[in-house]
Amino acid sequence: MHPPLVSEADFVKAQTVNAVPAPEDGQPRRYLLTGLVICRACGRRADAHWVHGRPGYRCRHGHTSASPPLSGRPKPLYLREDLLLAHIARQLDGRTTEARDDARATAAYLRANQVTVTCDADTITLGRQPSPARFPRQKQRPHPNRSET
Ligand SMILES: [Zn+2]
C-alpha cells in the first residue's frame, strides 16, 4: 500500500493557494471610464485608481493626503469599475442594444455620446456633458440610433 503523495493538509493548502487570483504582473492597467466619472459631492472628475488588482475610481474632493484630516469632511469616494459598468449597462438597456453586455462597448457608447457618470456611494446617474461651447446650429445628430419614425 502506497502512502498518499499529498497529505490532506497539503492538498487543502494547495487549493487555497490556487484560489488566490493570479497577480496582474505584466498586464497593463486599463481603465475604461477615465474622465467620465464625476463625483456628485464635489463635481470633480474621479481619478483612475488601481485597487486590489482591479480598476476603479477615486475622488478625494480636492483634498490631498498632505492636508490634515478634518471632522465633517466628506469621505473619499471609491468606486469599482466593474460595478460601475454593470450599473451603467443596466441603465443603458433600452437605449442601446449593443452596449449591454460588453464593458468596452458600454464605455465606447458613453464616449461617443458624451455621457458622463455622476456618482456617489449609492447612486450612479448618467448624464450628458455640458457642451464646452455653444454653436448656433447643430449639424451633427446627437442620437445616431434614432431612425424610427
Ligand atoms: Zn469629490
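Going by this note's numbering, the residue at position 27 of the sequence shown is 9; the numbering climbs one at a time, nothing skipped.
Even for Gly, the Cβ is constructed at its ideal location relative to N, Cα and C.
On a predicted model such as this, the values are computed, not experimentally measured, just so you know.
For residue i, the three-state DSSP class (helix, strand or coil)
i    : result
R139 : Because the chain here runs from -17 to 131, residue 139 falls outside it and cannot be looked at.
A30  : strand
Beta-carbon spacing of residue i, residue j below 8 Å
i   : j   : result
L74 : Y91 : yes
Own chain partners of residue i with C-beta closer than 7 Å, once the 5 adjacent residues on each side are dropped
i   : result
A85 : L14 and L67
R12 : P37
R40 : A28, D29, H31, P58, L59 and Y60
CA-to-CA distance, residue j to residue i, given in whole angstroms
i    : j    : result
P58  : T105 : 15 Å
A4   : A103 : Bear in mind that a pLDDT of 48 at A4, under 50, signals an unreliable position, so the model cannot answer this.
R110 : A94  : 11 Å
T88  : V97  : 11 Å
L18  : R26  : 10 Å
Residue range of the unbroken beta strand (DSSP E) whose run includes residue i
i   : result
R40 : R36 to C41
Residues near residue i by beta carbon distance below 6 Å, same chain, minus five either side
i   : result
T16 : A30
Chain-order list of residues whose beta-carbon lies under 8 Å from that of residue i (same chain, five-residue window excluded)
i   : result
A23 : C41, H43, P56, L59 and D102
H69 : I106
Boundaries of the alpha helix (DSSP H) in which residue i is found, first to last residue
i   : result
L14 : Taken as a continuous stretch (DSSP letters only), L14 belongs to no alpha helix (DSSP H), as it is neither H nor E.
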